[in-house]
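Our numbering numbers the first residue of the sequence shown as 1 and each following residue consecutively.
For every residue, glycine included, the Cβ atom is placed at its ideal position computed from N, Cα and C.
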Amino acid sequence: MSAHTLRRTLVRDVMSTAVVSVTPDATFDEVAHLLVGHRVRAVPVLDDGRPVGVVSEADLARTAELGDPSIRSRPHGPSWRRHAGARPTTAAELMSSPAICVRPDVSVAEASRLMRLRGVGWLAVVDPDEDGVSRLVGVLGRSDVLGVFFRDDDDLRTEVTDQVFRRILLVDPSGLRIDVHDGVVSLAGEVPQQSDAKLAVALVSRLEGVVAVEDRLTQRFTDASDRPLPMF
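Shown next as structure tokens:
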């Protein structure tokens, strides 16, 4: 991390690379045995190394819903739901498609937002090969994301003190009170100007692992024009 860069964990830093996968023609039983045997909740479906979908525990469990026409008529979800009377027998029929993918150089925060927006708990991590074809290089699950945002309070306080105040804002933190408890950061004390206080709160709010910021900062000057001119 450079002197002026806040911690930014990338997908490649936390993704799982030991990926269990299936091909589109894998049977229902084969998929079920993989999920149970490897203790995973979902497996990607790969066609020549390219992710084309994902089969989850929920997809397998929903076989009981075949008799409900209102479910089969929905436009989204596993393809087998949209075929009345068709019993799923292969991964291609069971899978949710297309697979929701992310690049390894994307931040975990961005990946987390994608999970929330798409309503999924699992992302395929893809990277283009020399021919420009996106190949699966890993998977990112909710547990991988949560591990990034659950940080030690002392670790957070150090980043706030050293990175935000000392190196980015160029403000001496020794006169400030910076407390962190369960991810809630409390800032108190006087900073040179109003813009320093606003920027400090904005930067701290964006740190990985920060739940909330309690702002009790005061400022010596309301803006840069109120600061005394330097003496040369």
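Assuming residue i is part of the beta strand (DSSP E), what are its boundary residues?
i	result
Q193	V184 to Q193
Should residue i go down as buried or exposed, given a rule of 16 or more other Cβ atoms within 10 Å for buried?
i	result
P51	buried
P123	Note on identity: in this sequence residue 123 is Leu, with Pro being the wrong assignment. Buried, because 16 or more other Cβ atoms sit within 10 Å of the Cβ of L123.
D144	buried
V125	buried
G175	exposed
T90	buried
H83	Reliability fails at H83, whose pLDDT of 46 lies under 50, so the model's placement of it is uncertain and the value that follows must be treated cautiously. By the neighbour-count rule (16 or more Cβ atoms within 10 Å), H83 is not buried but exposed.
F235	Lying before the first or after the last residue shown, residue 235 is absent from the chain, which here runs from 1 to 232.
W80	Annotation note: pLDDT 42 at W80 (below 50); position unreliable, coordinate value reported separately. Per the 10 Å Cβ criterion, buried.
V36	exposed
V164	buried
S73	Its pLDDT being 48, under 50, S73 is placed unreliably in this model, and the value from its coordinates should be taken loosely. Exposed is the call here.
A197	buried
L94	buried
V22	buried
G49	exposed
D182	exposed
E257	Nothing in the structure corresponds to residue 257, since the chain is present only between 1 and 232.
A212	exposed
Over the uninterrupted alpha helix (DSSP H) stretch that includes residue i, give me the two end residues.
i	result
A26	No alpha helix (DSSP H) holds A26; DSSP gives it neither H nor E.
A111	V108 to R118
R157	D153 to E159
D59	E57 to A61
Kindly identify the DSSP beta-bridge partner or partners of residue i.
i	result
R206	The partner list for R206 (beta bridge, DSSP) is empty, contrary to what the question assumes.
A212	V184
G138	V125
Q219	V191
L10	S107
D179	S186
D47	R50
T90	T27
A42	S56
V102	V125
S97	BP columns for S97 are empty, so no partner.
S16	V139
Since I believe residue j is in contact with residue i (beta carbons under 8 Å), could you give me their beta-carbon distance rounded to a whole number of angstroms?
i	j	result
L217	L170	At roughly 15 Å, the Cβ-Cβ gap does not stay under 8 Å, so L217 and L170 are not in contact.
T9	S107	7 Å
R12	P104	4 Å
R220	E190	6 Å
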